[in-house]
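For the sequence shown, this note's numbering puts the final residue at 448, and the numbers step up evenly by one.
Structure first, then comments.
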Amino acid sequence: MYMKSRQALIKSLSISALSMSAALTGCSVETDVTHLKKSSQPVPVEMISMTQEQIARTTTQPATVLPFYQTEIRAKVSGYVKEVKADIGDYVKQDTILAVIDVPELQKQRQIIEARISQNESEEKRAEAGIQLSQANVQSAEARLLQAKSELNRTKALVAAAEAEFDRTSDLVQRRSLESRVLDEVRKKRDSELANQQTVSSAINSASADVVVARAKQKSAEADLQVAKSQTSIARHQLEELDVLLNYATIKAPFSGMITGRTVNPGDLVREGNEVGKGEPLFEIDQIEKVRVEIPVPEIEAAFISRGDVVKLSFPSFPAEEELKVAVTRFTGKLDPHTRTMLVEAEVPNPSRKLIPGMFGQATISLGSPAAANMLPARAIRFEGGKAFVYAVTDDVVSVVPVTTGMDNGNSIEILSGLQPGQKVVDAHLKRFKTGEKVAPIQ
6 MYMKSRQALI
16 KSLSISALSM
26 SAALTGCSVE
36 TDVTHLKKSS
46 QPVPVEMISM
56 TQEQIARTTT
66 QPATVLPFYQ
76 TEIRAKVSGY
86 VKEVKADIGD
96 YVKQDTILAV
106 IDVPELQKQR
116 QIIEARISQN
126 ESEEKRAEAG
136 IQLSQANVQS
146 AEARLLQAKS
156 ELNRTKALVA
166 AAEAEFDRTS
176 DLVQRRSLES
186 RVLDEVRKKR
196 DSELANQQTV
206 SSAINSASAD
216 VVVARAKQKS
226 AEADLQVAKS
236 QTSIARHQLE
246 ELDVLLNYAT
256 IKAPFSGMIT
266 GRTVNPGDLV
276 REGNEVGKGE
286 PLFEIDQIEK
296 VRVEIPVPEI
306 EAAFISRGDV
316 VKLSFPSFPA
326 EEELKVAVTR
336 FTGKLDPHTR
346 TMLVEAEVPN
356 PSRKLIPGMF
366 GQATISLGSP
376 AAANMLPARA
386 IRFEGGKAFV
396 YAVTDDVVSV
406 VPVTTGMDNG
416 NSIEILSGLQ
426 PGQKVVDAHL
436 KRFKTGEKVA
446 PIQ
């Protein structure tokens with residue numbers, strides 16, 4: 006009896022369990038069908054299309070303020086610092102004395118060279134006097150030569166007369182018109198005149214030699230004068246060179262600017278820096294009444310940079326002030342191989358000196374004149390893996406279309422290729438669509 010009742014209870018529970026299972030299964034199927042129906046419904050989306058706008062191509066990049074000129078001032082002579090007349094923060098004019106170096110050994114060298122110049126000038130005067138004396142000797146020798154030549158002409162005439170008288174007397178003696186002793190007297194007279202002629206000829210030769218010697222002495226005196234003048238000139242150039250070094254002992258500002266560094270104190274021993282960039286800098290000076298603003302421009306926009314392009318500058322240090330408008334002054338014309346950017350510079354007047362070298366800012370450069378461009382709101386463009394795409398919609402069906410983008414003005418992005426004018430695309434949406442999905446455009 007008990008066994009029958011238990012079997013009946015088990016059968017009843019089994020039937021109930023089957024009924025509940027069937028009911029639950031039916032409920033699950035109904036839920037899946039409902040979900041499938043919902044997922045197959047088109048997603049409501051807002052649509053947008055490209056618009057053509059007149060835009061000026063711009064690029065916004067970080068900017069850094071630099072001094073217009075900056076230099077480190079080093080010593081050109083060695084010595085002890087006698088006086089320091091400038092310190093950091095001082096604004097100095099060009100040629101303002103910054104420091105003085107004591108160089109007593111150079112002062113002594115200057116005195117020695119000055120004495121040498123005086124000695125050489127005395128040598129010049131002595132040489133000039135020697136030239137005058139030699140010129141007088143030349144003139145005297147030439148006068149003696151001229152006198153000797155004149156005497157030679159006179160003796161020649163006397164010899165000729167004596168020869169004629171000798172011939173005439175000899176003829177008369179042969180005719181026995183005169184005694185032979187008369188011929189002897191005439192012969193003696195003739196021989197005497199011939200001897201005088203030879204003496205005068207010797208005097209001429211001696212006078213000619215004296216002229217040659219006098220002229221040689223004159224040339225020697227002139228050479229001595231040139232040597233003395235050369236020695237004086239060399240000494241004067243040495244003095245000028247030394248004066249240049251003495252001027253280096255007075256350290257001056259090469260241009261007007263702000264002293265931004267000082268490493269020297271009175272009594273310090275400074276040494277000459279023979280090579281550029283060698284030696285400890287005594288001062289650093291920056292010209293800041295006009296500054297340079299350096300702007301690194303990316304490769305994609307570097308080709309559009311031109312001199313005179315408008316540059317708008319803003320600085321976080323002056324948030325309430327208007328942007329500064331300047332122009333592109335110069336650019337390198339090549340890309341940095343490490344950063345792939347081109348360096349652009351703009352000169353900015355800074356009479357108030359509020360722009361401090363090293364200050365950071367932002368520069369917006371206008372690249373050329375405004376031009377027509379196809380623009381699409383940035384929210385409608387998706388980026389993935391460095392590539393851009395949009396969800397184009399044709400007959401309510403989505404297509405994932407890659408696009409090439411251009412200029413970005415912060416709100417809209419230029420579409421260079423990939424879309425046709427008038428093509429509708431999905432506006433900002435959280436869903437990631439796939440090609441072939443249907444959408445329901447919101448009117």
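Ideal placement from N, C-alpha and C gives every residue a C-beta, glycine not left out.
Uninterrupted alpha helix (DSSP H) stretches at least 4 residues long and entirely within the stretch 235-301 do not occur. Less than 9 Å separates the beta-carbon of ALA378 from that of GLN59. Ranking ALA68, ARG62, ILE53 by CA distance to the CA of PRO301 puts ALA68 first.
Assignment of LEU230 by DSSP, reduced to helix, strand and coil, places it in the helix class.
A buried status is given to TYR396, since no fewer than 16 other beta-carbon atoms sit within 10 Å of its beta-carbon.
Cβ neighbours of ALA80 within its own chain (closer than 8 Å, five residues either side excluded): ILE106, TYR253, ILE256, VAL275, ARG276, GLU277, GLY278, GLY284, LEU287.
If you look at ILE305, you'll find it in the alpha helix (DSSP H) that goes 304-307. If you check the CB distance, LEU71 and LYS90 do not come in under 9 Å. Across the set GLN425, GLU442, GLY441, the C-alpha of GLN425 shows the shortest separation from the C-alpha of SER54. In the DSSP annotation of this structure, the continuous segment of the beta strand (DSSP E) that includes ALA378 starts and ends at 365-382. Residue pairing by DSSP places GLY84 opposite VAL275 in a beta bridge.
Between the alpha carbons of ARG297 and LEU247 lies a gap of roughly 38 Å. One alpha carbon belongs to ARG131, the other to GLN203, and they sit about 41 Å apart. Below 8 Å, too few C-beta pairs join the stretch 381-401 and the stretch 332-348 to call them touching: fewer than three.
Judged by beta-carbon spacing, PRO47 lies within the 9 Å limit of ALA445, meaning their Cβ atoms are closer than that value.
Residue range 48-50 is occupied by the beta strand (DSSP E) that includes PRO49.
If you check the CB distance, LEU318 and GLU119 do not come in under 9 Å.
Listed in chain order, the beta strand (DSSP E) runs fully inside the stretch 313-358 are 315-319, 329-332, 335-340, 346-354, counting runs of at least 3 residues. Looking only at THR409, ALA148, ALA134, SER238, the smallest Cα-Cα distance to SER213 is reached by ALA148. Within its own chain, the residues whose Cβ lies closer than 8 Å to the Cβ of ALA226, once the five positions on either side in sequence are excluded, are ALA132, GLY135, ILE136, LEU138, SER139, listed in chain order.
Each residue's CA atom was taken as its position, placing ILE447 and LEU435 some 16 Å apart. The shortest CA-to-CA distance from GLY272 to any of GLY84, GLU51, PHE73 is the one to GLY84.
When the Cα atoms are used, PRO342 and THR399 turn out to be separated by approximately 45 Å. Apart from sequence neighbours up to five positions away, the residues of its chain that approach SER374 with a beta-carbon distance below 8 Å are ALA61, ordered along the chain. Only residues of its own chain outside the window of five on either side were considered, and among them ILE122 have a CB closer than 8 Å to the CB of ARG241, listed in chain order. With respect to PHE438, VAL406 sits apart: the two C-beta atoms are not nearer than 9 Å. In terms of Cβ geometry, PHE320 and GLU327 do not form a close pair [threshold 9 Å].
Annotated as proximal: ASP314 and ILE370, with beta-carbon spacing under 9 Å. Our two residues, THR337 and VAL353, have alpha carbons roughly 18 Å apart in a direct line.
The residues PRO72, GLN75, GLY262, MET263, THR265, PRO362, in chain order, have a CB closer than 6 Å to that of ASP291 in the same chain once the five nearest residues on each side in sequence are set aside. By the Cβ neighbour-count rule, THR409 is exposed, with fewer than 16 other Cβ atoms within 10 Å of its own. ASN270 is classed as exposed because its beta carbon has fewer than 16 other beta carbons within 10 Å across all chains shown.
With respect to LEU372, ILE420 sits apart: the two C-beta atoms are not nearer than 9 Å.
Between the alpha carbons of SER127 and PRO109 lies a distance of about 28 Å.
With a beta-carbon spacing of about 6 Å, ARG267 and ASP92 fall inside the 8 Å limit used to define contacts. With contacts defined by Cβ atoms closer than 9 Å, VAL86 and LEU111 do not form a contacting pair.
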